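> Take this structure first; my questions come after.
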Amino acid sequence: MIQKIRSLLLAERKTLLLVAVTSVASVGLTGGAIPAALRWWRGDSAAAPALDPRFVAIGRSYVPELGEAYSAAWEDGAKALEAGQGIGEALKVVGRSWEQGRAKLFDRLVTPELSKVIPDGKAESEIEDGDKEAMVRAWRGLAGGMKPRGRLSWPFGR
């Protein structure tokens with residue numbers, strides 16, 4: 694009985710492989726490659742919102758440094774515990790340290806560049822639609838730079 698099942702499975706292995714490969718290829722082509730190629734061919738910019746590439750680079754450098762600030766906050770909390778503080782107090786140390794580190798990092802990396810888009814202190818009533826559009830591109834660039842990048846991230850999505 695086992696031999697019969699084995700021979701059937703081995704005989705149909707090529708067929709199964711062909712069906713699997715064809716299925717994967719057709720799903721990949723219809724689900725991603727063909728639509729992406731059509732958008733590229735038509736020059737369809739609506740597929741991806743406009744973003745400022747300067748801010749993509751900032752986002753990419755911001756995330757690892759943000760992790761460093763978070764790590765430092767937990768180290769500060771650990772030192773507080775070692776110094777005899779209770780867990781509740783040590784967690785407050787972590788929170789304060791994280792907030793300070795995050796704000797300092799943002800002020801160092803992001804604020805100067807955002808101030809080039811809309812100058813710091815510009816009154817809300819003076820901000821025009823073009824300024825807002827530039828800020829949208831900057832924020833999208835920052836967000837795009839912070840997203841994880843995998844080996845299949847282009848052109849099929851994230």
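Residue numbers (the working numbering): 694 to 851. For every residue, glycine included, the Cβ atom is placed at its ideal position computed from N, Cα and C. Note that the coordinates shown come from a computational prediction; the quantities given were computed from them, not determined experimentally.
1) Quick one: using the 10 Å Cβ neighbour count with 16 as the cut-off for buried, is A776 buried or exposed?
2) Would you call A816 buried or exposed, if buried means 16 or more other Cβ atoms sit within 10 Å of its Cβ?
3) In or out: I820 buried (at least 16 other Cβ within 10 Å) or exposed?
4) Pull up the CB-CB distance for G834 and G760, whole angstroms please, since I reckon it's below 8 Å.
5) Would you check if there are 3 or more beta carbon pairs closer than 8 Å linking the stretch 783-796 to the stretch 763-771?
6) Quick one: is G837 buried, meaning 16 or more other Cβ sit within 10 Å of its Cβ, or exposed?
7) What are the boundary residues of the alpha helix (DSSP H) that L808 is part of?
8) Applying the criterion that 16 or more other CB atoms from any shown protein chain within 10 Å of the CB defines a buried residue, is A743 buried or exposed?
9) For the alpha helix (DSSP H) holding S764, just list the boundary residues, first then last.
Reading off the structure:
1) Looking at its Cβ environment, which holds fewer than 16 other Cβ atoms inside 10 Å, A776 is exposed.
2) exposed
3) Burial call: exposed.
4) That belief does not hold up - the Cβ atoms of G834 and G760 are roughly 20 Å apart, past 8 Å.
5) yes
6) buried
7) According to the sequence as given, residue 808 is Ser; it is not Leu. From DSSP, the alpha helix (DSSP H) with S808 extends over 804-810.
8) exposed
9) 746-775
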